[in-house]
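Engineer: Mapping to the working numbering: the sequence shown position 82 is 86, numbers consecutive. My questions will all concern the structure given below.
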Amino acid sequence: MRRFVLLCCSVALVAPLVRAAGDAEAGKARAQAVCAACHGANGLSVSDSIPNLAGQRAAYLEAQLRAWKDGSRKNAVMNAIAAQLSADEIPNLAAYFAAQTPGTGKSAQFAGLSKPPIVFPEKERGSFVRYLTIDMPANKQVRHYLANPVALAAARAGKPLPDGSFILVEAWSARLDADKKPVLGPDGRFIPDQLAGYTAMAREAGWGDSVPDLLRNENWTYTLFNAAGQPRTGFNQAECLACHKPQDKVSYLFTLDKLQAAAAR
Ligand code: HEC
Ligand code: HEC
């Protein structure tokens, strides 16, 4: 009788600790399929702007993931990722990265994400319509947002943007006065001076297939071009995908309402 009592009570004391510890093996698949795109499969990240997770305390990593999930810690990319994690898998992911060996190297980006299939629309460029202009005082730029006919037609019909859609953003440096302040045109807006480059998002059948589920934006892929329309390297498409993913109800755009309003005119 006495032995039974002891057994019962020690189990009750130990159980919550065991549950909190997480299972590194159970976290491995998702860590390597998704988190690795930025933090590396071994917890050594792909760039200096992304922290290493290898060997950090599991309880700390777990607390950060919960904070991203409930929004009390803010970062657009990690809020979007953690929102998609279940409460059960958070301890497992934390345990997985805590079990990796700290180090100094950098991990490679995902091969499937590092060369987006988007080609600069050299020939079709003339058919794109500008639907929005935004002045960006912080970096003294003005951006022009353009959509191709497929995207415009869907927006006009109030339908989600289908395969074949292409959104191109021109980033122009603003013309500056002698005090290096942007000059305003007659419409009160910045005046484009030099084309700095482009950001783009486009979708075609099959383009999303190599993107891990948690990052996938249906068939959209994202890229950057220099002013000559050549693809730029040195960015991580996983960050584009992660940040645009919460826009899934609005065709993964931040500016769909503006596109719809312009298409209706
Ligand atoms: C698209 C890139 C990207 C992906 C994918 C990603 N992260 Fe992150 N993660 C970041 C960035 C960027 C930060 C730094 C954010 C900040 O400090 O504001 C970060 C920070 C963190 C932190 C906090 C680390 C610290 O030292 O405070 C944890 C924990 C974390 N990520 C876990 C994960 C897990 C687990 C996954 C997979 C489910 C994941 N991340 C996937 C980009 C990513
Ligand atoms: C931190 C979140 C974040 C990241 C990361 C991000 N974007 Fe965006 N993106 C936005 C926001 C917010 C807007 C709308 C306002 C603006 O243009 O800044 C936008 C707008 C766009 C647009 C215009 C269509 C739309 O969604 O309204 C394109 C094209 C685009 N981004 C491409 C990219 C590419 C390419 C990358 C990766 C190199 C990227 N974005 C990374 C937040 C993000």
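From the three backbone atoms N, C-alpha and C, an ideal C-beta is built for every residue, glycine too.
1) For Glu128, count the other beta carbons within 10 Å of its own beta carbon; 16 or more makes it buried, fewer makes it exposed. Which is it?
2) Would the segment 113–130 count as touching the segment 202–222 if we require 3 or more Cβ pairs under 8 Å?
3) Grab me the residues of Arg160's own chain with a C-beta within less than 7 Å of its C-beta, minus the 5 sequence neighbours each way, in chain order.
4) Can we count Leu117 as close to ligand 2, meaning its CB is less than 6 Å from some heavy atom?
5) Tell me the rounded alpha-carbon separation between Leu263 and Gly168.
6) If Phe101 and Gly26 are in contact, beta carbons under 8 Å, what's the gap, nearest whole angstrom?
7) So, using beta-carbon positions, are Ala142 and Cys247 closer together than 7 Å?
8) Can you check whether the CB of Tyr256 is closer than 7 Å to the CB of Asn221?
9) Taking buried to mean at least 16 other C-beta atoms within 10 Å of its own C-beta, is Gln68 buried or exposed?
10) Using a Cβ-Cβ cut-off of 8 Å (strictly less than) and excluding sequence neighbours within five positions of Ala41, which residues of its own chain qualify?
11) Under a Cβ-count criterion, where at least 16 other Cβ atoms within 10 Å of its own Cβ denotes burial, should Gly107 be classed as buried or exposed?
12) I'd like the list of long-range same chain contacts for Cys12, defined as Cβ closer than 6 Å, with 5 residues on each side in sequence excluded.
13) Identify whether Phe114 lies in helix, strand or coil by the three-state DSSP scheme.
Structural biologist: Considering the structure as presented:
1) Flag for Glu128 reads exposed.
2) Using a C-beta cut-off of 8 Å, the segment 113–130 makes contact with the segment 202–222, since at least three inter-stretch Cβ pairs fall below that distance.
3) Excluding positions up to five away in sequence, the list reads Ala267 and Ala268.
4) Flag unset: Cβ of Leu117 not near ligand 2.
5) Here the alpha carbons of Gly168 and Leu263 stand approximately 16 Å from one another.
6) Rounded, the Cβ-Cβ distance is 10 Å, inconsistent with contact.
7) Their beta carbons are not under 7 Å apart, which means Ala142 does not touch Cys247 by this criterion.
8) Going by C-beta atoms, Asn221 is nearer than 7 Å to Tyr256.
9) With a threshold of 16 other beta carbon atoms within 10 Å, Gln68 meets it and is buried.
10) Excluding sequence neighbours, Ala41 sits near Val50, Gln113, Phe114, Leu117, Pro216, Leu219, Asn240 and Ala242.
11) So Gly107 counts as exposed.
12) Below a pLDDT of 50, predicted positions are generally treated as unreliable, and Cys12, at 48, falls in that range; the measurement from the model is reported next regardless. Excluding positions up to five away in sequence, the list is empty.
13) Three-state DSSP puts Phe114 in coil, outside helix and strand.
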